[in-house]
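Participant: Can you keep this structure in mind? I'll have questions shortly.
Below you can see the structure in the form of structure tokens.
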């Protein structure tokens with residue numbers, strides 16, 4: 042060690058300096074020499090999924106190596122910059138469609154993998170799959186061939202949902218359901234705009250929302266959705282997502298916040314139903330939604346409900362809520378419907394007949410609402426909301442007069 046000789050010569054082998062050198066060698070230098078760095082050797086044939094698992098198990102920060110990151114590295118070996126490609130694509134996707142901010146790079150790769158798998162299935166009858174391992178096996182040639190079709194599929198999906206009054210991520214029931222919807226649109230291409238096809242797509246979509254079928258691991262359902270929807274549109278059997286969908290009337294009372302997909306779904310159905318603001322009468326459509334701070338508010342105000350000791354599971358449920366402008370909600374204040382409706386008519390120059398029409402547009406039973414008959418209002422509006430769900434899914438909601446329903450609502454749902 043030349044530096045050690047230089048150190049000794051510089052201090053002329055002074056005993057104190059030599060003791061310091063010995064201590065430095067034992068406590069620091071030898072530790073570096075004997076330190077062992079753990080290493081895991083991965084051969085070239087190690088599956089990409091295993092590479093991810095190794096990374097996740099050994100990194101101390103607990104950071105997940107995402108599919109997108111690994112595929113970025115994989116495609117880079119073929120001189121393709123996936124990160125740069127996705128950054129540009131994300132700008133294109135969200136330029137006109139706010140809702141597509143819910144789509145990340147991994148979601149896009151999953152959609153491409155699903156479409157590639159389905160097309161292989163058509164040619165060689167292989168199983169359709171888009172699980173993590175399948176995405177990690179996606180070939181650059183398949184990505185290059187299908188990426189444009191999938192991008193257009195996402196845009197068509199966004200346009201379809203805008204017609205259903207779902208405009209942004211805040212009102213989107215399931216971000217995950219965009220993946221099969223986009224791939225179905227990509228496979229159908231221009232025929233997705235045909236009225237009959239759109240009605241089948243929407244029935245499938247709302248069945249997924251109100252059946253609450255996309256809240257967990259969904260890749261298996263994605264792999265069913267694409268081929269079964271294409272077959273159904275071509276004259277085959279209904280897809281399993283429609284057959285599996287079921288909505289219980291009592292579920293309405295447990296829909297208390299935007300955390301539930303069905304809660305957001307009902308808000309969208311009310312807007313599609315033509316809901317109008319109580320004061321302006323303006324339909325809560327695309328323009329109103331973006332310009333007037335629309336949100337879901339209580340019809341019987343919380344303050345009034347608590348003062349009258351009404352059950353929270355009823356007054357805080359979706360049955361007692363409607364999409365309204367923020368200004369209208371402030372004007373309602375904490376008063377009973379009979380009070381604030383009279384105030385709207387007097388101070389906002391809204392006739393009684395017009396206001397009744399606005400209430401009906403929200404599926405509100407007018408007589409019960411104006412009379413502050415809370416329990417009867419809850420039952421009648423619950424029934425109306427079930428009707429909206431039935432129209433959207435094309436399936437009858439059973440159990441309106443079941444023992445469970447009567448116990449929860451205090452009576453049957455007419």
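In the numbering used here, the protein residues as written are 42 to 455. Think of the CB as a built atom: it goes at the ideal place given N, C-alpha and C, for glycine as much as any other residue.
For residue 419, does the three-state DSSP call read helix, strand or coil?
Facilitator: Taking the first residue of the chain shown as 1, we reach residue 419 at position 378. In the structure shown, residue 419 sits in a helix (DSSP, three-state: H, G or I).
Participant: Three-state secondary structure (DSSP) at residue 83?
Facilitator: Working through the chain shown from its first residue, we reach residue 83 at position 42. Correct three-state label for residue 83: coil.
Participant: Could you pull the start and end residues of the beta strand (DSSP E) that residue 336 belongs to?
Facilitator: Start at 1 with the first residue of the chain shown, and residue 336 comes out as number 295. Unbroken beta strand (DSSP E) run through residue 336: 335-339.
Participant: How big is the Cα-Cα spacing for residue 139 and residue 303?
Facilitator: Taking the chain shown and counting its residues from 1, one reaches residue 139 at position 98. Taking the chain shown and counting its residues from 1, one reaches residue 303 at position 262. Each residue's alpha carbon lies about 21 Å from the other.
Participant: Assuming residue 455 and residue 414 are in contact, meaning their beta carbons sit under 8 Å apart, how far apart are those beta carbons, in whole angstroms?
Facilitator: Taking the chain shown and counting its residues from 1, one reaches residue 455 at position 414. Taking the chain shown and counting its residues from 1, one reaches residue 414 at position 373. At roughly 14 Å, the Cβ-Cβ gap does not stay under 8 Å, so residue 455 and residue 414 are not in contact.
Participant: Determine the direct distance from the alpha carbon of residue 345 to that of residue 380, and round the result to whole angstroms.
Facilitator: On the chain shown, position 339 is the one that residue 380 refers to. On the chain shown, position 304 is the one that residue 345 refers to. About 11 Å.
Participant: Between residue 270 and the rest of its own chain, which residues show a CB-CB distance below 7 Å, the 5 nearest in sequence each way excluded?
Facilitator: Residue mapping note: residue 270 aligns to position 229 of the chain shown, counting from 1. Excluding residues within five positions, the ones whose Cβ falls inside 7 Å are 225, 245 and 280.
Participant: Among 438, 285 and 135, which one has its Cα closest to the Cα of residue 193?
Facilitator: By 1-based counting over the chain shown, the position of residue 193 is 152. The residue with the shortest Cα to Cα distance from residue 193 is 135.
Participant: Report yes or no: do the region 334-354 and the region 230-244 share at least 3 C-beta pairs separated by less than 8 Å?
Facilitator: Judged by Cβ distances under 8 Å, the region 334-354 makes no contact with the region 230-244, as fewer than three pairs qualify.
Participant: What number of angstroms, rounded off, separates the C-alpha of residue 436 from the C-alpha of residue 207?
Facilitator: Position 395 of the chain shown, counted from the first residue, corresponds to residue 436. Position 166 of the chain shown, counted from the first residue, corresponds to residue 207. Cα to Cα, the separation comes out at about 21 Å.
Participant: Applying the 10 Å Cβ sphere with the 16-neighbour rule, what's the burial state of residue 228?
Facilitator: On the chain shown, residue 228 is found 187 positions in, with the first residue counted as 1. Its Cβ being crowded by 16 or more others within 10 Å, residue 228 is buried.
Participant: Pull up the CB-CB distance for residue 293 and residue 360, whole angstroms please, since I reckon it's below 8 Å.
Facilitator: Locating residue 293 in the chain shown gives position 252, counting from the first residue. Locating residue 360 in the chain shown gives position 319, counting from the first residue. Right, the Cβ-Cβ distance comes to about 5 Å (below 8 Å), so this counts as a contact.
Participant: From the DSSP secondary-structure annotation, give me the bridge partner or partners of residue 365.
Facilitator: Here residue 365 refers to the residue found at position 324 of the chain shown. For residue 365, which the question treats as bridged, DSSP gives the partners 336.
Participant: On the three-pair Cβ rule with 8 Å, is the region 393-409 touching the region 348-360?
Facilitator: The answer is no - the region 348-360 does not touch the region 393-409, with fewer than three Cβ pairs under 8 Å.
Participant: Taking C-alpha atoms, which residue in 431, 239, 403 and 298 lies nearest to residue 318?
Facilitator: Within the chain shown, numbered from 1, the residue matching residue 318 stands at position 277. Looking at the Cα atoms, 403 is the closest of the given residues.
Participant: How many angstroms separate the CA atom of residue 54 from the CA atom of residue 48?
Facilitator: Position 13 of the chain shown, counted from the start, is the residue given in the question as residue 54. Position 7 of the chain shown, counted from the start, is the residue given in the question as residue 48. Roughly 9 Å separates the two Cα atoms.
Participant: Determine, using beta-carbon pairs with one atom in the region 305-323 and one in the region 423-435, whether at least three such pairs fall under 8 Å.
Facilitator: They touch, by the three-pair rule.
Participant: In this structure, how does DSSP classify residue 324 when only helix, strand and coil are distinguished?
Facilitator: Start at 1 with the first residue of the chain shown, and residue 324 comes out as number 283. Reduced to three states, the DSSP call for residue 324 is strand.
Participant: How many Å lie between residue 370 and residue 363 at the Cα?
Facilitator: Against the chain shown, residue 370 aligns to sequence position 329. Against the chain shown, residue 363 aligns to sequence position 322. Each residue's Cα considered, the two are about 10 Å apart.
Participant: Check each candidate in 250, 117, 195 and 235 and name the one with the smallest Cα separation from residue 275.
Facilitator: The residue given as residue 275 occupies position 234 in the chain shown. Residue 275 has its Cα closest to that of 235, out of 250, 117, 195 and 235.
Participant: Roughly how many angstroms separate the alpha carbons of residue 306 and residue 205, rounded to a whole number?
Facilitator: Your numbering for residue 306 matches position 265 in the chain shown. Your numbering for residue 205 matches position 164 in the chain shown. So the alpha carbons of these two residues sit roughly 10 Å apart.
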